[in-house]
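Comments concern the structure below.
Numbering (the working numbering), first residue to last: 1 to 421.
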């Protein structure tokens, strides 16, 4: 990747003006209250329900934060400007529980190889930015094809990382410090790479037709994922994700449980000092017994290396919650639009955060039905009374070209929380 050109004086002025506003927001009483609310939320009962809304997936021609607002000219500067304006938008307009911290971040330049085989992808012709695809899985027969798999190899470009940090420091000197902080994966759930390698149908069919082969594949993926995490640990590349970090499936990482008590500032971060997300959306059609046999043992073994675990995303997990509760560090769990809320509330209690994802169609259809939205929020707050609740509006792809809807949903959610007491 070519290095970005030096930003113009005008672009630097724009970025510094936005950074100054970010710094003001970081010290605003409302922002400080949200940060402390997240810590209370994570610590145990007694805090308030948290409210979050995501807009990054919205594909409307008229999105909440259009590129037409950008004033910078250079691509690198525009990327930074987009991030700064996003935080300002979240605080000033969206007004949910996102928190703004008085620093900037950049991540280590790390690369991971493939598994020695690759799927061939076929994309349908479509208008717009979203569409269908299928792929030809490279492994057809696990017994015959397994030898083609190769464990991944990993590398880091430290010089490029330091140069990226220096470029940021040159622009924001005297305003915001720059921290090397970031993640290398969204999930360690393993079923997504499994279906890339063998296909979705075979992931399920092999549970009956080739159980030994599927266990062999899952063990390979487990060992490879763990090897990546431990390589990062040995290289000193892991970063804490216990503050304003996106963890799990839409939650924030604020916790005082991490890092571990024996970690000292300046020490290398270990996996046990981190949050981890596990999920298995691809096995939504698999019963709890088969999930417990073929998927969960490998997830459990990975989770045991980490400090706290968030489980789930879009898959309803009420039928397998009795299995998931065997995770020793399970702290938050996704309650998707298709989950049985009563079962999840009963199983979560006050011990596991009830991370509720309302159905995004409530704010996406042609008619914006505020009564339906209120009813949905009230039902969750009633069913999960006594739980530690977070309401996360995510996976929104359209607001019917009415970007104000997202902020209005946040307002309705706050009103419902106040009403519920």
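From the three backbone atoms N, C-alpha and C, an ideal C-beta is built for every residue, glycine too. Remember, it's a predicted structure, so these values are computed and weren't measured experimentally.
Here residue 333 carries a strand assignment [DSSP, helix/strand/coil].
For residue 78, the enclosing alpha helix (DSSP H) begins and ends at 75-89. Annotation: the stretch 13-77 contains the following complete segments of the beta strand (DSSP E) (minimum length 3 residues), in chain order: 50-53. A direct Cα-Cα distance of roughly 17 angstroms separates residue 251 from residue 409. Within 10 angstroms of the beta-carbon of residue 139 lie 16 or more other beta-carbons, which makes it buried. Residue 146 is not bridged by DSSP to any residue. Secondary structure note for residue 178: its beta strand (DSSP E) is the uninterrupted segment 178-180.
Judged by their CB atoms, residue 273 and residue 307 are nearer to each other than the 7 angstroms cut-off. When C-alpha distances from residue 297 are compared across 241, 414, 218 and 159, the shortest belongs to 218. For residue 122, the enclosing beta strand (DSSP E) begins and ends at 120-123. Around the beta carbon of residue 386, fewer than 16 other beta carbons lie within 10 angstroms, which makes this residue exposed.
Per DSSP, residue 369 is not a residue of any beta strand (DSSP E), being assigned neither H nor E. Counting of Cβ neighbours within 10 angstroms places residue 318 among the buried residues, the total reaching 16 or more.
The stretch 146-165 and the stretch 218-238 touch, with three or more beta-carbon pairs separated by less than 8 angstroms. Three or more beta-carbon pairs drawn from the stretch 168-184 and the stretch 15-28 are found closer than 8 angstroms, and the two stretches are therefore classed as touching. Here residue 90 is buried, its C-beta having at least 16 other C-beta atoms within 10 Å. Straight-line measurement puts the Cα of residue 82 at about 10 angstroms from the Cα of residue 76. With a cutoff of 7 angstroms on beta-carbon distance, residue 313 and residue 279 are scored as near each other.
Contact between residue 373 and residue 391 is absent: CB atoms are separated by about 11 angstroms, not below the 8 angstroms threshold. The stretch 203-223 and the stretch 233-249 do not touch, with fewer than 3 CB-CB distances between them shorter than 8 angstroms. Look at the beta carbons and you see the stretch 286-304 touching the stretch 323-336: at least three pairs across the two are nearer than 8 angstroms. Cβ atoms of residue 198 and residue 137 come within 8 angstroms of each other, at about 5 angstroms.
For residue 86, same chain residues with a beta-carbon under 7 angstroms away, outside a window of 5 residues either side, are 65 in chain order. Counting along the chain, residue 220 sits inside the alpha helix (DSSP H) bounded by residues 211-234.
A straight line joining the alpha-carbon of residue 341 with that of residue 165 spans about 45 angstroms. A check of alpha carbon separations from residue 134 across 104, 195, 94 and 96 identifies 195 as the nearest. Sequence-distant partners of residue 398 (beyond 5 residues in either direction) whose C-beta falls short of 8 angstroms from its own C-beta, in its chain, are 58, 59, 60 and 364. With respect to residue 116, residue 148 sits close: the two C-beta atoms are nearer than 7 angstroms. With respect to the C-alpha of residue 287, the residue from 124, 301, 316 and 192 having the closest C-alpha is 316.
DSSP, reduced to helix, strand and coil, places residue 161 within a helical segment of the structure shown. Short of 7 angstroms from the beta carbon of residue 80, and not among the five residues preceding or following it, lie these beta carbons of its own chain, in chain order: 15. Beta-bridge pairing by DSSP links residue 154 to 112. Linking residue 415 to residue 49 through their CA atoms gives a straight-line distance of about 12 angstroms. By alpha-carbon distance to residue 6, the top candidate from 375, 367, 171 and 305 is 171. Distances from the alpha-carbon of residue 334 to those of 244, 393 and 300 put 393 closest. The beta carbon of residue 113 lies closer than 6 angstroms to those of 152 and 153 in the same chain, with the five residues before and after it left out.
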